[in-house]
Amino acid sequence: AAHGIPCACIDVDMNYLWSKVGSSLLPTPRNMWDSLMSWLALPRVVVAALFPGRGALDIVGCVLLHLLSLTFRMWLAFALAGLCANLVLTAMLEAMSSASVEGAEKVGAVTEAESEGVQAMLVFLI
Numbered sequence: 112a113a114h115g116i117p118c119a120c121i122d123v124d125m126n127y128l129w130s131k132v133g134s135s136l137l138p139t140p141r142n143m144w145d146s147l148m149s150w151l152a153l154p155r156v157v158v159a160a161l162f163p164g165r166g167a168l169d170i171v172g173c174v175l176l177h178l179l180s181l182t183f184r185m186w187l188a189f190a191l192a193g194l195c196a197n198l199v200l201t202a203m204l205e206a207m208s209s210a211s212v213e214g215a216e217k218v219g220a221v222t223e224a225e226s227e228g229v230q231a232m233l234v235f236l237i
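Read the sequence shown against the working numbering and you will find it ends at 237, with the numbers running on by one and no gaps.
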């Protein structure tokens, strides 16, 4: 303990981490109970988000007011930016996967008829 301050090690090794994840996912009675309680609390949480109490911030209402305050030009800019981002990302993914598919065609691992499906699968994997 340096300077009288107690220290605790917070490192987690991979074995402990994965055993903790595994034990949290096992369908034990405690985990099933916690899952049931979470699902039963969902309607209450949604209602509390939609209708906050006095003194609480109305997040949904604020978001709607801010969205309604945007002009048509701003919505058009958002749509255009989304379209451009989609086109750029699609072109990048197609370029990355097409080289792999062409290589697989040259070696004979993929036929020309299967190449389009394999390229689509690679895009989803990327």
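In this text, a Cβ means the ideal position worked out from N, Cα and C, and glycines have one as well.
- Where Leu168 and Leu194 are concerned, what is the direct C-alpha to C-alpha distance, given to the nearest angstrom? 33 angstroms
- Write down every uninterrupted run of the alpha helix (DSSP H) in the region 135 to 189 whose length is 4 residues or greater and which is fully enclosed by it, in chain order. 140 to 161 and 170 to 179
- What are the boundary residues of the alpha helix (DSSP H) that includes Ala231? Ser226 to Leu236
- Close-in-space but distant-in-sequence residues of the same chain around Val171 (CB under 7 angstroms, 5 per side omitted): Ala160 and Leu161
- Query: By how many angstroms is the C-alpha of Glu227 removed from the C-alpha of Val218?
  - Reply: 16 angstroms
- Item | Contact the region 177 to 184 vs the region 208 to 216: 3+ CB pairs below 8 angstroms | no
- Item | C-alpha gap between Val229 and Val221, whole angstroms | 8 angstroms
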